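Using our numbering, count along the sequence shown one by one with no gaps and you end on 439.
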Amino acid sequence: MSGYFDHIAPIRYEGPDSNNPLAFKFYDPKKMVMGKTIEEHLRVAVCYWHNFCWDGADVFGGGTFGRPWLSGANNHQAAEAKLDAAFDFFDRLGQPFFCFHDTDVMAEAQTPKEHVENFAEIVDKTEAKMANSKTKLLWGTANMFSHPRYMAGASTNPNPDVVEFCALQVKHCLEATHRLDGSGYVLWGGREGYDTILNTDVRHEMDQLGRFVSMVVEHKHKIGFKGDIWIEPKPHEPTKHQYDRDVATVYGFLKTYGLEKEVGVNIEPNHATLAGHNFEHEVEMANAFGIFGSIDFNRGDPQNGWDTDQFPNDLRENTMALYYILKGGGFKNGGANFDAKVRRQSCDAEDLFHAHIGGMDLLARAFINAAELIKTEKLSSFVDNRYAGWTSGMGAKMMAGEASLDDMAEAAFNKDVSPAPLSGRQEYLENIVTQYTK
Ligand code: XUL
Ligand code: CO
C-alpha cells in the first residue's frame, strides 16, 4: 500500500447529524430507493487523471500537492506506485467504480512499440489489483490530446500517420477496457476541432472522424465488447471550435455517419455550461434522441469562462439533472464519474476525500429529491396535460402524417377565434422544484 492515505480510516455512512468531515452524511450506499440501492443507481466513479496524475500545476506555477508517486520520471515504478495509491484511495472511499485514460496509468513511452508494452504491463497489474478490490472499471478512454503529435487533432489530424497512432491507442485501450470488464468506452474529442479555418478542411476532418468512430464500433463488435461507446461533447477548449460541441451536434454527427444506434453521449455539466446550455438541457436532449449514456459530474464557475472542473455542490442543479436522468430510465451501463479536481490550495490527502465525500453526499441527496419528484408526478402530469391536445383531432392527424398544410390551414380557418394563450406556469413549476430540493 502507498502509505499516503494511512491516516484516513475507511469512509462510513454516519447519517445527517454526523459532524465528522470524513464520513458520509447522505450517501448511504445500501439505502433502497425505487427498487434499487443508492449505490446501484448512482454507480459512482473516481477518475484517475485529476486525482492521481495531476500535481496541482497551473499555467502560472508548478505542482503544489507533492504526491510522492509524481515526484520523479513517469517510469514503470512510478506507474505502479500510482496504481497502489489509486487503489488505496478507492478502497478507503468505497465507491464502486473508477475511470482512466491509457496514459494516466502507464509508464511514459517513446515509441509505438513501447506504448503497447508499457500499457500492457500496467493493465496486467491493474487486473491483479482489481481482483482484490471491490472497485470495478466504469469506463476507459485513450488520451489523444496531450502528446504534441496531437496538436492538430487526433482522428481529425491532417496527417494520416497521426490517425494510425490513434488507432493503435484506441485498439489497445478498448481491448483493455473489455478485459477489465468496463461498462463503457469514452471518446472525448479533445483536439477534434480546429483553431483557424484558414488551414482546415472541415468536411474532410468530419469524414475522418465519422470513419474513425465507425472503425471503433466495428472493433468493439469484433472483440465482443458488450459495453457502450460514448462521445463526450464539449464546445471548445482546447481548440477554438470542437466538432462534438454539444449533445444535439453529436446527434447530428452520429446521424450523418449512421452511428446513432451504436454510440451515445457522456455528458459533463461544465461542458454544457461552456456551450451555453444548462445541465438538464443536455440530459433531456440525450433522452430525446435515445443516446443518453453516462455523466462526468462536476461544475464550472459562473464568473470564469473555462472548464474549472470543480466538484458539484449545487443541490438544485443536480436535483434537476437527476430528475431528467431518472425520467429517462436512469443509468444503465453509465454512471456518475466525478471528472472534477480539488483546488490547487487543497494540497492534502484529506482534501481528496472531502471532495469526493461532498460530491457523493450531494448526489445522494439530489437523487432522493429527484426520485420524490418522479413519484409525485406533479411535473410530469403538468407536461402530459400540456401536450394532451395531440392525442386526438387535427393534432393527432398531423403527427400521423394524415394532415397536409392545407388541411391544417382549413381547420384553423373554420374556427371563428384564434387560439387563446395558455399559461406555461413556469413559476408554479419552479416552486415545485424548490419544494422538493431538500
Ligand atoms: C476534458 C474532459 C476529459 C474527458 C476524458 O474536459 O472532460 O477528462 O472526460 O478524456
Ligand atoms: Co469529462
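Backbone N, C-alpha and C fix where the C-beta goes; we use that ideal spot for every residue, glycine too. Computed from a prediction, not measured in an experiment: that's the story for all the values here.
Discussion item. Taking a contact to mean a Cβ-Cβ separation below 9 Å, would you say G185 touches D229 in this structure?
Written reply: Yes.
Worksheet item: How about the stretch 206 to 226 and the stretch 260 to 268: do they share at least three Cβ pairs that are nearer than 8 Å?
Response: Contact holds: three or more Cβ-Cβ distances are below 8 Å.
Practice prompt. Have a look at G191, D245, H173 and G291 and flag the residue whose alpha-carbon is nearest the alpha-carbon of I224.
Written response: Per the Cα distances, H173.
Worksheet item: Just the Cα atoms here: how many angstroms apart are G235 and K130?
Response: The sequence shown places Lys at residue 235, not Gly. In this model, K235 and K130 are separated by some 33 Å (Cα to Cα).
Practice prompt. Could you please give me the residues that DSSP links to H242 through a beta bridge?
Written response: H242 is bridged by DSSP to Y195.
Discussion item. Once DSSP output is grouped into helix, strand and coil, what is the label at V34?
Written reply: V34: strand per DSSP, three-state reduction.
Fill in: Contacts around A397, its chain only, beta-carbon distance under 7 Å, and the 5 residues preceding and following it disregarded
Same-chain partners within the cutoff: W391.
Discussion item. For N338, list the residues DSSP reports as bridge partners.
Written reply: In the DSSP output, where bridge partners are listed per residue, N338 has A46 and D297.
Worksheet item: Under a CB-based cut-off of 9 Å, is R204 close to chain B?
Response: The chain labelled as chain B is not found in the depicted structure, where only one protein chain is given.
Item to complete: Return the Cβ separation of A108 and H77 in integer angstroms, given the expectation that the two are a contact with Cβ distance under 8 Å.
Response: Going by Cβ atoms, the distance from A108 to H77 rounds to 5 Å, so yes, they are a contact pair.
Worksheet item: In terms of alpha-carbon separation, which member of L255, R212 and R44 lies closest to W231?
Response: Considering only alpha carbons, the answer is L255.
Worksheet item: With a Cβ-Cβ cutoff of 9 Å, do L210 and E193 count as a contact?
Response: Closer than 9 Å, so yes.
Worksheet item: Does the pairing of the stretch 145 to 155 with the stretch 58 to 66 give three or more beta-carbon distances under 8 Å?
Response: No, they do not touch.
Item to complete: Could you check if Y49 is buried or exposed, using at least 16 other CB atoms within 10 Å of its CB as the buried criterion?
Response: By the Cβ-count criterion, Y49 is buried, with 16 or more other Cβ atoms from all chains shown falling within 10 Å of its own Cβ.
Worksheet item: How many Å lie between Y195 and P159 at the Cα?
Response: Take the alpha-carbon of Y195 and the one of P159: they are about 11 Å apart.
Discussion item. Out of D315, R387 and D352, which one is the CA nearest neighbour of A367?
Written reply: That would be D315, whose Cα lies nearest to the Cα of A367.
Practice prompt. Please indicate yes or no: does the CB of E431 lie closer than 8 Å to some heavy atom of ligand 1?
Written response: No, since every heavy atom of ligand 1 falls outside the 8 Å radius drawn around the Cβ of E431.
Fill in: Simplified DSSP state of Q311, which is helix, strand or coil
If DSSP states are grouped into helix, strand and coil, Q311 belongs with the strands.
Worksheet entry | Residues near H179 by beta carbon distance below 7 Å, same chain, minus five either side | Cβ within range, chain order: I224 and F226.
Worksheet item: What separation, rounded to the nearest whole angstrom, lies between the Cα atoms of F101 and K83?
Response: Between F101 and K83, the C-alpha separation is close to 12 Å.
Discussion item. Taking 8 Å as the cut-off, is the beta-carbon of N314 closer than that to any non-hydrogen atom of ligand 1?
Written reply: With a cut-off of 8 Å, the C-beta of N314 is classified as distant from ligand 1, since no heavy atom of the ligand falls inside that distance.
Item to complete: Output the distance between the C-alpha atoms of N386 and K379, rounded to the nearest integer angstrom.
Response: About 11 Å.
Worksheet item: Under a Cβ-count criterion, where at least 16 other Cβ atoms within 10 Å of its own Cβ denotes burial, should F25 be classed as buried or exposed?
Response: Under a 10 Å Cβ-count criterion, F25 is classified as buried, with 16 or more other Cβ atoms of the shown protein chains found around its own Cβ.
Item to complete: Assign H222 to buried or exposed, taking buried as 16 or more other Cβ atoms, counted over all protein chains shown, within 10 Å of its Cβ.
Response: H222 comes out exposed.
Worksheet item: Taking the alpha carbon of M395 as the point to measure from, which residue in K416, G259, T377 and I375 has its own alpha carbon closest?
Response: Selected option, being the one with the closest Cα: K416.
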